[in-house]
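For the sequence shown, my numbering assigns the number 3 to the initial residue and increments by one for each residue that follows.
Glycine included, C-beta positions come from ideal geometry on N, C-alpha and C.
Report on the following structure.
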Amino acid sequence: MHYFPIMAKNIAVIGTGYVGLVSSVGLSDFGNYVTGVDVNESIVESLNRGVPTIYELGVDDYLKRNLESGRLKFTTDIDRAIQAADIVFLAVGTPQSKSGEADLSQVESVVQSIAANLNGFKVVVCKSTVPVGTNRWVKQRLIELTGNSADGPDPAFAVVSNPEFLREGKAVQDFFHPDRLVLGYEHDKAREYMEDVYRALNLIHVPMVWCGLETAELIKYASNAFLATKITFINQMATLAEAAGADIHTIAHSMGMDGRISPKFLHPGPGYGGSCFPKDTHALVSTGEAYGVDMSLVREVITANEELKLLVVDRLLKMAGGEGSLKGKVVAVLGLAFKAETDDIRESPSITIVRRLLDEGATVQAHDPEAIENFKALFGDEVRYFAHEFEAIDGADAVVIATEWNEYRNLDLKRAKTVMRGRLIMDARNVLEPEKAREFGFEYKGVGR
Ligand code: NAD
Ligand code: UGA
């Protein structure tokens, strides 16, 4: 049985953070009627005015355009949004709990709301990253709470696991041109609804992986853990290359020429950060424990990544003259976000780097084009913040480049030399040319070269 005609869907997206906002503007751009829901009133108010609450390239244009079309709106009224929806997307947070596993309390709260407002058939789509078994739990919980069935010819609802693979900084591009869509489902009616929702992507031949709920959930964790492993591998190789006098860039480039390896995610740096790799690797280890499977490789990646973040300051200490040599020194930290093109500082390597520099007795002068406000919320006036990188460098004994913002790639070294007190550069993102930096009289250290 196939279901015609193709129709725009009424969609509620619960949670309007990175994933929820990008999904809301994207799904409405596909012609669906979307209501984005958030518990945070100021987010909702801002989004309804067309002002994005996250820094993400292109999201403002899509937001304005779809608000104006009348297909997109935002509310705090979750009950009405669910009642009006054919499809409810969950895009709430699944942060790491103290024990390492994913905290599913936001998901649980939304499931309660769906149960209370199930006034007709709805597809419940989980976009949040959730441990294997969660979608089955959602299904069971809705059956218990509503007394309805999700199977047979006339189900009251259906559950879909549709993990999201977007990257911050490239979220809009990733949403509109994903490598694939993963759709875990059980009931054909759910598949038909999802085919309509994603018709725009199907038309441009985005591969759609239709699979079971558990498989979809694990695809997401496997992908993130694999990428985290790949980064950690190249970072450890970088440490070895450094010790052996080899160049990690040539190594990574040559490895990447092998199609089986691919050049992507082989950039050495200060260790991975962000809102997802750290929490998702921990959650995968916890899931393994729950199933009696030792995810030993992922455990090692987590440990190694923590050590790699500390290594940045170790390298600087070595240049500065060893243990205690940064006491009373001024260190400029360029880049606070966990990567370029975002204001997100969640699990940013800069947090570890700055904390360690402060512990070493250094004064930290920080710059970031977008993330200063978020960093301030964490470090307050322990750190001095500057709107321009040259103000941060002014009077510094050393510079640490911690995020690969474009504006640091062409850092005016001549000017830097005139304003700095010292000559040390620790380039944790390898954005500068080592020879050029040395020509200008700097003592330069990168990662793995
Ligand atoms: P986020 O913290 O930016 O946003 C979550 C939003 O949900 C917040 O605005 C919060 O106020 C809201 N919220 C919480 N409880 C709510 C409730 N009961 N009702 C309505 N709103 C509620 O989170 P995020 O970064 O967008 O991540 C969301 C999920 O997507 C996570 O599971 C994450 O792992 C996954 N994910 C994130 C990314 C990313 O790049 N950030 C990429 C892929 C997947
Ligand atoms: C990552 C994944 O790339 C997305 O596919 C996924 O959807 C998302 O997590 C998620 O589940 O939330 P994101 O965290 O936004 O996206 O950013 P990445 O570009 O993956 O970078 C993560 C971290 O790895 C950053 O700290 C980055 O600097 C670092 N990284 C990345 C490297 O050090 N080297 C690389 O080669 C690539």
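Judged by DSSP secondary structure, residue 283 falls within the alpha helix (DSSP H) whose first and last residues are 279 to 292. Taking the C-beta atoms as reference points, residue 415 is found no nearer than 7 Å to residue 445. For residue 269, the CB falls within less than 6 Å of some heavy atom of the ligand UGA.
Around the beta carbon of residue 161, a 10 Å sphere encloses 16 or more other beta carbons of the protein chains shown; the residue is thus reported as buried. Residue 159 is bridged by DSSP to 124. In the three-state reduction of the DSSP assignment, residue 195 falls in the helix class. Under the 8 Å Cβ criterion, the stretch 301 to 318 does not count as touching the stretch 376 to 384, having fewer than three qualifying pairs. The distance from the Cβ of residue 335 to that of residue 404 is about 6 Å, consistent with a contact at the 8 Å cut-off. In terms of CA proximity to residue 67, 28 leads the group 85, 28, 89.
Shown here, residue 316 sits in a helix according to DSSP, grouped into three states. Comparing C-alpha distances from residue 123 to each of 193, 298, 89, 393 shows the shortest one belongs to 89.
Counting only unbroken stretches of 4 or more residues, the alpha helix (DSSP H) elements lying wholly within the stretch 215 to 272 are 215 to 246, 250 to 259, in sequence order. Contact annotation: residue 95 and residue 114 have beta-carbon atoms that are not nearer than 7 Å. By alpha-carbon distance to residue 80, the top candidate from 112, 198, 274 is 112. Judged by their CB atoms, residue 236 and residue 254 are nearer to each other than the 7 Å cut-off. Apart from the 5 residues on each side of it in sequence, residue 204 sits with its Cβ closer than 8 Å to the Cβ of 197, 210 in its chain, given in chain order.
Each residue's CA atom was taken as its position, placing residue 363 and residue 325 some 11 Å apart. When the alpha-carbon of residue 377 is set against those of 31, 337, 398, 247, the nearest one is in 337. Within the model, the alpha-carbon separation for residue 192 versus residue 9 is close to 14 Å. Comparing alpha-carbon positions, the option among 412, 287, 449, 343 lying closest to residue 170 turns out to be 343. Residue 46 is bridged by DSSP to nothing; it lacks a bridge partner.
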